[in-house]
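Asker: Encoded as structure tokens, here's the structure I'll be asking about.
Numbering (full-length UniProt numbering), first residue to last: 1 to 107.
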């Protein structure tokens with residue numbers, strides 16, 4: 001059994017393992033496998049294992065690549081009604097194009 005004082009002393013070392021990406025099962029395995037038959041100072045053994053078996057730090061993460069957001073088309077002024085709309089080139093807005101399209105189909 002560990003005392004509250006022992007747990008408080010060992011907690012930062014366990015946190016260091018977790019900060020380095022070790023899963024909780026790895027910490028448990030490192031601390032609980034191949035224990036001697038009798039333990040006189042269990043907290044000292046755990047402290048030693050937490051220090052001696054500490055995994056290496058994770059490699060530094062590369063900074064996230066800058067997101068390239070496509071730029072919206074520029075605002076254009078409709079040649080038919082002077083309404084502003086977004087399009088790659090000047091011309092007519094959707095409302096002004098629609099009647100022209102239906103008239104062309106009817107003819």
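We treat Cβ as the ideally placed atom computed from N, Cα and C, and that holds for glycine.
Treat the numbers as computed from the prediction; the structure is a model and nothing was measured.
Out of 96, 60, 61, 36, which has the shortest C-alpha to C-alpha gap to residue 49?
Answerer: With distances taken between Cα atoms, residue 49 lies closest to 36.
Asker: Here's a check: name, in chain order, each residue in its chain whose Cβ is nearer than 7 Å to the Cβ of residue 19, leaving out the five neighbours to either side.
Answerer: Counting only Cβ-Cβ distances below 7 Å, and skipping sequence neighbours, we find nothing.
Asker: Leaving out five residues on either side along the sequence, give the residues of the same chain with a beta carbon under 7 Å from the beta carbon of residue 55.
Answerer: The answer, listed in chain order, is 17, 20, 22.
Asker: So the beta strand (DSSP E) residue 86 belongs to, where does it begin and stop?
Answerer: Per DSSP, residue 86 belongs to the beta strand (DSSP E) from 84 to 86.
Asker: Measuring alpha carbon to alpha carbon, tell me which residue in 66, 93, 67, 69 is nearest residue 75.
Answerer: The residue with the shortest Cα to Cα distance from residue 75 is 93.
Asker: What first and last residue would you give for the beta strand (DSSP E) that runs through residue 46?
Answerer: No beta strand (DSSP E) contains residue 46, which is instead part of the alpha helix (DSSP H) from 42 to 52.
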